[in-house]
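Going down the list, the sequences are from chains R and G. Our numbering puts the first residue of the first sequence at 1, with every later residue one more than the last. Our numbering puts the first residue of the second sequence at 104, with every later residue one more than the last. Cβ atoms here follow ideal geometry from the backbone N, Cα and C, with glycine treated the same way. Values in this document were obtained by computation on a predicted structure and should not be read as measured data.
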Amino acid sequence: MPLTVSWEEGGSVRISCDGVLDRDTVPDLSRRLFRDVLKKRPRHLRLDLSAVERMDTAGLAFVLELRNALKSQGAGFRLEGVTDSIRRLVALARLENLLFENS
Amino acid sequence: MFLMNDRGGPKVFTDGIIEVKNLSSGYGRLQILHDVTFAIPSGKVTVIMGVSGCGKSTLLRHLIGLKNTPPGHVFVDGSDMALFGPQEWMTYRKRIGVLFQGGALFSSLSVRDNLAVPLRVHTRLAETTIRIIADIKLHQVGLTEFGDFMPSQLSGGMRKRAGLARAMVMDPEILFVDEPSSGLDPITAAGLDELLVDLKDAMGMTLVVVTHELESAFRIADQVVVLDAGRVLAAGSPEAVRSSPDPRVRQFLERRADERTVDQERYEKRLTGVGVKRRA
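Take a look at the structure:
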């Protein structure tokens, strides 16, 4: 899955996902993000999902895992570009409070 | 019009993700299904309903590959199921989820581990991700606090909901559900119906629900197939089936207990026969 990581001044990072975020793509994506981004301890992370064509529960679990890891580091997390279908998926899992708390 | 599929068998154009054509089936000399034809459209809820013993479960067994289907009768995306090789079966089984009547959980595993099994077997997801997915699915069926329980510690209705969570854990494209409401109280049953419709709306899932519960069927169905003694009595939109003038459909929808009369006649005949034999 194509992934664009843009570091900004002050230790913030913006990540754009492109394509499918599902049980087949999440293992590699997760490894890359935890290795290349979280280890550098960003102060704030913005995850842009506007170019995600399809997402399943594994994708949703990955987003939540990322959010939890950042929170445990004391970093901020924010979702951007949430499409209607992703919003429905989040609502189905009743995760609005956790994932949209800063959106 | 016919095309050829990858395995050289016929590939038919179809309106449905699954198409059943003139399927007859049974067990030994007992014929259960007679010339059954209908299509299951993608992204819709198809409810197969009828009284107990009408052939619903036999039909479901064919659709999920638990009963051999002769060539030319069940097509998945236009490919004949009877010609599936091991690879096609593997692909098909990854696309489907099944909730069996009793839940069919592994008794030696906790509820959460029951959900984790398909993810551990079929994906490379990390254990932390698997745990989150399992907990999301358990919450969706109202079992948030029961992940560590063993199946034997759950009520029948809870086992059924745990079975549904496991059937959903791989986000299947097609979800087969056998009698979702049986053993559930009306409120839980209505909640489960709502969840099934939400799954269709949010994830574009195709649902095939086998039930004899009229209220539940009409609450969730986009399409209804009514079976009677192994034959398709009516098929179409819920509105079309509801307004069917066919007396057998009306009898089923109005829950008139014709069966009891037939049973009583058989019962009396049996008893009379016994008496006659003894006297002879």
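| Asked | Found |
| --- | --- |
| Spatial neighbours of Gly-146/G within its chain, please: C-beta separation below 7 Å, excluding the five flanking residues on both sides. | Lys-303, Gly-307, Thr-309 |
| Counting contacts by CB-CB distance shorter than 9 Å, is Leu-60/R in contact with chain G? | yes |
| Taking the C-alpha atoms as reference points, what is the distance between Val-115/G and Glu-122/G? | The predicted model places Val-115/G with a pLDDT of 37, which falls under 50 and marks its position as unreliable, so this point remains unresolved. |
| Around the Cβ of Ala-51/R, are there at least 16 other Cβ atoms within 10 angstroms (buried) or fewer (exposed)? | exposed |
| Starting from the N-terminal side, write out each stretch of the alpha helix (DSSP H) that is 4 residues or longer and does not extend beyond the stretch 19-63 of chain R. | 26-36 |
| For the stretch 260-283 of chain G, which residues have a beta carbon sitting closer than 9 Å to at least one beta carbon of chain R? | Met-271, Val-272, Met-273, Asp-274 |
| Cα separation between Ile-233/G and Asn-125/G? | 42 Å |
| 9 Å is my cut-off, CB to CB: does Asp-296/G come that close to chain R? | no |
| State the DSSP-derived secondary structure class of Thr-149/G, mapped to helix, strand or coil. | strand |
| In angstroms, rounded to a whole number, what distance separates the CA positions of Val-90/R and Ser-127/G? | 43 Å |
| Based on the DSSP output, what are the partners of Phe-77/R in its beta bridges? | Leu-45/R |
| Would you say Arg-32/R lies against chain G (beta-carbon separation less than 9 Å)? | no |
| Against chain G, does Leu-95/R count as a neighbour if the rule is that its beta carbon must be under 9 Å from one of theirs? | yes |
| Do Leu-186/G and Thr-161/G have their C-beta atoms within less than 9 Å of each other? | no |
| Alpha carbons only, please: which of Arg-46/R, Leu-29/R, Arg-35/R, Glu-53/R is nearest the one belonging to Ser-6/R? | Arg-46/R |
| So if I threshold CB-CB distances at 8 Å, which residues from the stretch 29-53 of chain R count as touching chain G? | Ser-30 |
| Counting pairs of Cβ atoms below 8 Å between the stretch 163-170 of chain G and the stretch 274-293 of chain G, do you hit three or more? | yes |
| Can you confirm whether the stretch 234-249 of chain G touches the stretch 52-60 of chain R when touching is taken to mean that 3 or more C-beta pairs between the two stretches lie within less than 8 Å? | yes |
| Which of helix, strand or coil does DSSP assign to Ile-167/G? | coil |
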